[in-house]
Amino acid sequence: MSEIGYAVMLVSCHYRHQLGLLGLRPQKPRNTQTMGPQEKAQEWLQNHPNYDLLSDWKKNQLLALATFFYAMQGEHWPDTIESDFGIVRRDRWLDYTKDECLWYSKQSGPAFLTKEDHDSTLNSGLTDLPSPCNELGKYTSLSLAGLEMGLGLTGMNPFLPSEIALLSSLSRIDLGDNSIQVPLAKLISPELYEMTGLRSLLLPAKLE
């Protein structure tokens, strides 16, 4: 077994135990103000209306993306962030009604696509619809490049969580051209260095 396979297996097994992939649900609402990114992501996933129908790899992918959102202070992003690299609409993240491959695109134009956007694009004859996923629906690229992450996040510490290692097909992470100013050791979880499939890791220039 490869190193990345072993690392992902360990993380996966850990969260199989924590999440109870047999259908365990939280018994009562918790105070989200005191919850960390991992706890918020776990609760979001467990409350998914189609939770029992999701495959294990899909649960892992959703958990990784939800944790990424919370760890990167997504709750505090502006409603819309525009840049030369695209548009991020915060309300499209973690939307149960949209496939996660339609949440995000690092291409110019609408960065988050609704199902209607997707169908309209395909019906127009365009086949190169921007997507962070491969043909199997697995994330290969995760990017917030050029979106001025860090502005308005004074006193907060965004970071790349270890759950990203659950994205077994991920080959690129791009946080370039941002205003994040945290120590490198706090920005990147150690597990990410074990991802042998990760070919490109672009970071902000002004790290402490």
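The sequence shown begins at 7 in the working numbering and counts up by one. The C-beta atom is built at its ideal place from N, Cα and C for all residues, glycine as well. All of these numbers come straight from a predicted model, not from anything done at the bench.
Subject >> Per-residue DSSP class, three states only, for F186 >> reply: In the sequence as presented, Phe is not what sits at residue 186; that position holds Ile. Three-state result, I186: coil.
Original post:
Just checking my contact of W109 with R98 at CB under 8 Å: how many whole Å lie between their CB atoms?
Top reply: 6 Å
Subject >> Simplified DSSP assignment, three categories, for R178 >> reply: strand
Original post:
Between F74 and L100, is the Cβ-Cβ spacing less than 8 Å?
Top reply: no
**OP:** Determine the direct distance from the alpha carbon of T202 to that of E81, and round the result to whole angstroms.
**Re:** 30 Å
**OP:** List the endpoints of the continuous alpha helix (DSSP H) containing L148.
**Re:** Element bounds for L148: not the alpha helix (DSSP H) but the beta strand (DSSP E), S147 to S149.
Subject >> Beta-carbon spacing of S177, T146 below 8 Å >> reply: yes
**OP:** Along the beta strand (DSSP E) that carries L2, what are the first and last residues, could you check?
**Re:** Shown here, the chain extends from 7 to 214; a query on residue 2 therefore has no answer.
Subject >> Cα-Cα separation, L71 to I170 >> reply: 7 Å
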